[in-house]
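One structure is given below, encoded as structure tokens.
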Amino acid sequence: MATESSKTSRDMDGMPAGVGTQYDADMKAVDMKGAEAKDAGAKARVTDPSESHPREPSIAELGRRRWHKGRWAAFIIALIAAIIVPYGGGRLLAMNGTQLVVDFVEPFDPRGMALLSWAITVVMFASLGMAVMETKRVLWRVLFILALALEQLVAGVGLLRLNFWNSTYVVYGEAAPPINAANLGIISAAVGLAVFAVVYVGLLVTIHKDSRLNTLTRSWSALSMFFVIEVVALLVVLLGGLVTAV
Numbered sequence: 001m002a003t004e005s006s007k008t009s010r011d012m013d014g015m016p017a018g019v020g021t022q023y024d025a026d027m028k029a030v031d032m033k034g035a036e037a038k039d040a041g042a043k044a045r046v047t048d049p050s051e052s053h054p055r056e057p058s059i060a061e062l063g064r065r066r067w068h069k070g071r072w073a074a075f076i077i078a079l080i081a082a083i084i085v086p087y088g089g090g091r092l093l094a095m096n097g098t099q100l101v102v103d104f105v106e107p108f109d110p111r112g113m114a115l116l117s118w119a120i121t122v123v124m125f126a127s128l129g130m131a132v133m134e135t136k137r138v139l140w141r142v143l144f145i146l147a148l149a150l151e152q153l154v155a156g157v158g159l160l161r162l163n164f165w166n167s168t169y170v171v172y173g174e175a176a177p178p179i180n181a182a183n184l185g186i187i188s189a190a191v192g193l194a195v196f197a198v199v200y201v202g203l204l205v206t207i208h209k210d211s212r213l214n215t216l217t218r219s220w221s222a223l224s225m226f227f228v229i230e231v232v233a234l235l236v237v238l239l240g241g242l243v244t245a246v
């Protein structure tokens, strides 16, 4: 019996049971340390040194950032000035230089004045859209500012508001029809833009990405659709009797 118990106290390798248990524990400890070292090495390889030690921007990068900030600040200031100054100047001209305005618009047909103001407003909207699509081009932003200033000047001279025809009749008297037509040209362009926005958003919502009609939502296709809608809005004003009605 003693011989059998001594045999059973040894494992398959001929080691005593206590020694084998200690050996297994040591091997597990070695394996755990190896796994921890491997994980630490992997983390050290994955970690980006720039995250713990960020690189300082160069002088050229700082200069570009300041240039971009300064350019956008100048654009915002010019935008505010283009909205306020020409409109206020146009209203002052209408009040204090009424005869000068009348002499200027008298040779124009009302439909021609509507076409002129419509064209200025459409150029303003189109240049704004191009400035959004091509943010790196300064030309479109400059054109937008110039067209906006001119449109605001026309609106100021025309005393543009919801009931502008009453104001223009009081200020300009019988010479008011060309001024009213100019206001209608601006309003028709704004209505055309609103219709285009509704149609474009509707196309974005309803048309699937794999549909052939999805080409209508592309930048140049959308711009072409915008001009078509604007022309239709102008024709409604010119041929619908609105020019002579006011």
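Numbering follows full-length UniProt numbering, with no gaps: position 112 of the sequence shown is 112. Even glycine gets a Cβ: it sits at the ideal position worked out from N, Cα and C.
CB contact check: residue i to chain B, cutoff 7 Å
i, result
"R161", "In the displayed structure, chain B is absent; only one protein chain is listed."
Burial state of residue i (16 or more Cβ within 10 Å)
i, result
"M95", "exposed"
"E134", "exposed"
"L235", "exposed"
"A182", "buried"
"A73", "exposed"
"A194", "exposed"
"V101", "buried"
"G88", "exposed"
8 Å CB neighbourhood of residue i in its chain, flanking five on each side removed
i, result
"L216", "L203, I207, A222, M225"
"L213", "L203, I207"
"R218", "none"
Closest by C-alpha distance to residue i, when choosing among the options
i, options, result
"R137", "Q152, L239, F75", "F75"
"E174", "L184, V85, T244", "T244"
"P177", "V132, V191, G112, R218", "G112"
"L116", "L93, T98, I179", "I179"
"L184", "G240, Y200, V170, V201", "G240"
"G158", "R91, L242, A189, F104", "R91"
"W220", "Y200, S211, V237, L93", "Y200"
"L93", "Y172, L162, V198", "Y172"
Under the three-state DSSP convention, the category residue i falls into
i, result
"L100", "helix"
"R141", "helix"
"E230", "helix"
"I207", "coil"
"A37", "In this prediction, A37 scores a pLDDT of 48, lower than 50, which makes its location untrustworthy; the coordinate-derived value is nonetheless stated afterwards. In the structure shown, A37 sits in a helix (DSSP, three-state: H, G or I)."
"E134", "coil"
"E151", "helix"
Residues of its chain near residue i, where Cβ-Cβ distance is below 7 Å and the 5 sequence neighbours each way are ignored
i, result
"A82", "I145, L148, A149, Q152"
"F196", "M225, F226, I229"
"T8", "Model confidence at T8 stands at a pLDDT of 44, short of 50, so the residue's coordinates are unreliable and nothing is read from them."
"R141", "F75, A131"
Nonlocal neighbours in the same chain, by C-beta distance under 6 Å from residue i, ignoring five residues either side
i, result
"G192", "I229, E230, A233"
"A121", "Looking at the sequence itself, residue 121 is Thr, so the reference to Ala does not match. Closer than 6 Å at Cβ, skipping near neighbours: E151, I186, A189."
Could you tell me whether the region 119-134 touches the region 164-177, where touching means 3 or more Cβ pairs closer than 8 Å?
Look at the beta carbons and you see the region 119-134 not touching the region 164-177: under three pairs across the two are nearer than 8 Å.
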